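As structure tokens, the structure follows; a few thoughts come after it.
Number of protein chains: 2
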Amino acid sequence: MIDKINKFKDLQKKLNAYRYFFWLMNWDQETEMPKMGLDFQLSNYQILMEEAYKLETDKEYTDLLEELYLNKDTLDDDLKVEIKHLYKSYQIIKVVPKNEYLEYDMLIQGASPIWANAKKNNDFALWSETLEKIVQFQRKLTKYLETDDKKGYDILLDFYEDDMTVEEYDEFFDQLRTQLVPFVLEKTAKKRKINRKFSNKIFDINKQKELSDYLLDVLHFDKNRGLLKTSVHPFTSGLASVDTRITTAYHENDLLSNIFSVVHETGHAIYEQQNDKRFDGTNLHGGASMGIHESQSRLYENMIARSYEFISTHFQKIAELFPKQFKNVSVDEFYRFVNKTERSLIRIEADELTYPLHIMVRYELEKGLISGKIKVKDLPKKWNQLMYRYLKIKPKTDSEGVLQDIHWAGGSFGYFPTYALGTAYAAQIYHKMDQDINIKKQIKENRIDNINEWLKEHIHKYGASKTPKEIMLIATNEPFFASYYVNYLKDKYKDL
Amino acid sequence: MIDKINKFKDLQKKLNAYRYFFWLMNWDQETEMPKMGLDFQLSNYQILMEEAYKLETDKEYTDLLEELYLNKDTLDDDLKVEIKHLYKSYQIIKVVPKNEYLEYDMLIQGASPIWANAKKNNDFALWSETLEKIVQFQRKLTKYLETDDKKGYDILLDFYEDDMTVEEYDEFFDQLRTQLVPFVLEKTAKKRKINRKFSNKIFDINKQKELSDYLLDVLHFDKNRGLLKTSVHPFTSGLASVDTRITTAYHENDLLSNIFSVVHETGHAIYEQQNDKRFDGTNLHGGASMGIHESQSRLYENMIARSYEFISTHFQKIAELFPKQFKNVSVDEFYRFVNKTERSLIRIEADELTYPLHIMVRYELEKGLISGKIKVKDLPKKWNQLMYRYLKIKPKTDSEGVLQDIHWAGGSFGYFPTYALGTAYAAQIYHKMDQDINIKKQIKENRIDNINEWLKEHIHKYGASKTPKEIMLIATNEPFFASYYVNYLKDKYKDL
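Keeping their order, the protein sequence lines are chains A and B.
Read in our numbering, the first sequence has 303 at position 303, and its numbers run on one by one without any break.
Plus 496 on top of the position in the second sequence (first one is 1) and you've got our numbering.
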């Protein structure tokens, strides 16, 4: 058995090395690759992707995987969880015919520029054909993978959040629908007065970059083990605690967008930088699930950086960088501006209170697309209907509607609901952490490192070696309850 | 035979795909990788390097290569040259034992940070052990590869410049020693008055970046097929006409360093962007040789961008970006400043006239290291002696002496002499092109595109499908003569 384990580990290391290069290639493509270099990059990617696929489907490797899976209870803890993860992904390779798998992979590799172009030109028709192919593959995939217990969208949901089902998500979103949506609509019923002190101002990009750098230091992002760059859509990317990369996007007319993108992605990054180093490069590096990962980014973004304590502590630095723009602006005004809430169209710009409603729109659309009840061609119309149902507003263009998100271009169906779930996890985690270390005191004393340390010990160090349900138990001593989230939001926004 | 050719081409494509990833990894390492990510990157590199090595030494591949080499005269022109190139590199793999080859490769992958650290700390001892290993491998390599016709340093010289030998280089450098060195020493005998108008000035990095961007456009660098970034040491990097990347380094107290780095690397890049697209990703992409490549970067840097016509055409833009620094500076003053010549320590900052003397120092040291007449431990002393012999100056520290260049850390022995040779090629090419299109007129009318076009037709489009000797004949209708270079320098500098 020892020999088999060692042989398996060797093969897995080789696969992980390919994964490293695919990661690097993707990072390059998203952050700097010259436009005309795409086809050349893809042609090289395709060749090595086939090499990796060959290795992954080689009988020697799959026999070992099957055998180790059968004997998983005899393995050490790390290997046992790793085998479980790998066996899950292996199911896809096992059931999807090779040509379909590789064809889909190439489709996804080339999809994001097509989506970006459609969004830029506000033309859903430029995108619908590719999206249709992606959806059809996802539907086919659920057919290939279905069992007596698990069918359809449940299968996709489980990829992003272990053991989560339509039933559980429906219950979660029902709670939000009954307890939160009326509150949100009431709070956002009156169109807010626009604070003229912040509109129509220009914030120099180089000064914004200086502020990003300051925020990285405040949050104790480790620059020797990571970097910040720009891309169209901010994201976090990495396969090891020693190399965790994040991006942001700068907009001259919007200071907050960059501030909270940087904090959000830094939240993701600190999670990965604080993973136990022994997980580097393996599939135990990363987060317990997308939801747990998002809980961390949201915790830093909303609960730390949008708190009065954070805003008041760092107000002086911001005002120094933009003295003209902050002339006659008080801390209280800036705090209220940072937490302003309104019905808006763009998810990534949505405020903390209305955000889950954006996710409910996407969740219902994905459920319909995968079940077949919604057709790709009807998406723009359906999108607009749902936006009206929950937020009582309608997009004027598809660019600010159905074309706004990159996720479907990456083949991610079942991912969106984890955003809302993750934010809800965050509220419960915050509640517990606050009992231990008085979070607002830490923020006021500019000791985010103490918050990082608590999260490291209770969540981060475990990487992907625990399930989300295990992590919630470890971190909060109880299972997940949506009520923490509803209470947190009502409490924060009742007087704002 | 057709089947064998196709099989060979398939295998070669796979090897080229690995090469693409090694290229990307190296680009990442040099331009942005977080410091602590190095070991993780190297561990992944090592695994895929072994995969590529396996493929390259696989009997199926090497048998095909040997057979195609034997039958090279029956192949089409592209394939014939490609096979010749590959056969030449294959000799290394053929004769060097696998463990030595892979060990050396890992040594080189990790060497550049060690060198950088030694340079930063001005401590040759931190570097000498690694350098010693590299030199020993190079010496061993020449033993492995030696034939009746070719021995020692000749073998290394030939890697960078087809068919060049110690004998030919000695003759070339002798001409410079007798005809140029006395002229240079005479021109630089008097310590020049420092022009106070340019010293002690600060040039904002963001403004310098704006100027870089302007220069890329002036030179018609294609931004859709390339990009400019920063690194410690400027370089050009790419495997295809559709993706050619360059770097520069910014120094707040030095405007010229960035200007001429950008132009220099753009010269390299335009060569590669103008390669025939059919060579993309193959070993026929690139330049005919290091010398021919350098001839292009030097032509753009020295002969175009340091010309009176270029300086006067773009002076206004520069003065607009730095109005305070250029107050009361005339075009003529700036032109003389740009072409100031003096005995200096750092090769990459050396002026056009003294530059070849820096190369003579390195040529003699490499010759001695490879023959065994010079020991690594004696390098700092020898370096300083030769600097005094040719330039009559001595470095005060090893950082500005023997530690200044990255090349040996990359295992490049035989590369340096191509810099001087390339500059000499450039003079001859310039002479011929000027007869066809009146270069100064093109520069004055801001039509660098016409210069690019001439170079594309006479040199660039051929990529690496011709030898340097063939390229000189195609471009200038005669073999190489050093006299063009000597005459060019004497003519330009006699009145400056």
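By construction, the Cβ of each residue, glycine as well, lies at the ideal position given by its N, Cα and C atoms.
Here the structure is a predicted model, which means the values were calculated and not measured.
- For the options A:Phe198, A:Leu15, A:Lys140, the alpha carbon positioned closest to that of Met49 of chain A is the one of A:Leu15.
- Residue environment for Tyr388 of chain A: exposed (fewer than 16 other C-beta atoms within 10 angstroms of its C-beta).
- Around the beta-carbon of Thr643 of chain B, fewer than 16 other beta-carbon atoms lie within 10 Å, marking it exposed.
- For Tyr516 of chain B, a Cβ of chain A is located within less than 8 Å of the residue's own Cβ.
- When Cβ pairs closer than 8 Å are counted between the two stretches, the stretch 135-144 of chain A is seen not to touch the stretch 72-82 of chain A, the count staying below three.
- Taking the beta carbon of Ile114 of chain A as reference, no residue of chain B falls within 9 Å; the closest one sits roughly 17 Å away.
- Annotated as distal: Ala288 of chain A and Lys80 of chain A, with beta-carbon spacing of 8 Å or more.
- A distance below 7 Å between beta-carbons, with the five flanking residues on each side excluded, links Gln109 of chain A to the following residues of its chain, in chain order: Leu42, Tyr45.
- Between the C-alpha atoms of Ser733 of chain B and Arg741 of chain B there is a straight-line separation of about 5 Å.
- With contacts defined by Cβ atoms closer than 8 Å, Tyr485 of chain A and Phe416 of chain A do not form a contacting pair.
- At a cut-off of 8 Å between beta-carbon atoms, Ile270 of chain A makes no contact with chain B.
- Within its own chain, the residues whose Cβ lies closer than 6 Å to the Cβ of Tyr153 of chain A, once the five positions on either side in sequence are excluded, are Val166, Lys367, Ile370, listed in chain order.
- With 16 or more neighbouring CB atoms inside 10 Å of its own CB, Ala513 of chain B falls in the buried class.
- With its beta carbon less than 8 Å from one in chain B, Pro34 of chain A belongs to the interface.
- Within chain B, not a single residue places a beta-carbon under 9 Å from that of Ala319 of chain A; the smallest gap is close to 22 Å.
- Here DSSP, grouped into helix, strand and coil, assigns Ile698 of chain B to coil.
- Here Asp351 of chain A has Asn339, Lys340, Thr341, Glu342, Ser344 as same chain residues with Cβ atoms under 8 Å from its own Cβ, once five neighbours each way along the sequence are excluded.
- Contact between the stretch 414-431 of chain A and the stretch 469-482 of chain A is present: three or more C-beta pairs spanning the two stretches fall below 8 Å.
- Annotation note: the stretch 685-748 of chain B contains the following uninterrupted alpha helix (DSSP H) runs of length 4 or greater, listed N- to C-terminal: 701-714.
- Non-local C-beta neighbours of Thr744 of chain B in its own chain, meaning closer than 7 Å and more than five positions away in sequence, comprise Ser708, Leu724, Thr726, Pro730, Asn754, Ser757, Val758, Glu761, ordered along the chain.
- Cβ-Cβ distances below 6 Å link Lys584 of chain B to nothing in the same chain once the five nearest sequence neighbours on each side are left out.
- Between Tyr665 of chain B and Phe633 of chain B, the C-beta gap is not smaller than 8 Å, which leaves the two residues out of contact.
- For Leu544 of chain B, the nearest beta carbon of chain A is closer than 8 Å to its own beta carbon.
- Runs of the alpha helix (DSSP H) lying entirely within the stretch 770-851 of chain B and spanning at least 4 residues, in chain order: 786-794, 804-817, 827-834.
- Put simply, the CB of Asp254 of chain A is far from chain B, with every gap to its CB atoms at 8 Å or more.
- For Asp670 of chain B, there are no C-beta contacts with chain A under 7 Å, since the nearest C-beta of that chain is about 44 Å from it.
- At least one CB of chain B lies nearer than 8 Å to the CB of Ala17 of chain A.
- A distance of 8 Å or more separates the beta carbons of Leu735 of chain B and Tyr958 of chain B.
- In this structure, Arg196 of chain A sits away from Gly533 of chain B, with a CB-CB distance that is not shorter than 8 Å.
- With a threshold of 16 other beta carbon atoms within 10 Å, Arg306 of chain A meets it and is buried.
- About 6 Å separates the beta carbon of Glu768 of chain B from that of Gly782 of chain B, a gap short enough to meet the 8 Å contact definition.
- If you check the CB distance, Gly918 of chain B and Arg794 of chain B come in under 8 Å.
- Using a Cβ distance threshold of 8 Å, Gly763 of chain B and Glu797 of chain B count as a contacting pair.
- From the beta-carbon of Ala240 of chain A, the residues of chain B found nearer than 8 Å are Gly533, Phe536.
- In this structure, the straight-line span from the alpha carbon of Glu132 of chain A to that of Tyr355 of chain A is close to 27 Å.
- With respect to the C-alpha of Val827 of chain B, the residue from B:Glu748, B:Phe818, B:Ser808 having the closest C-alpha is B:Ser808.
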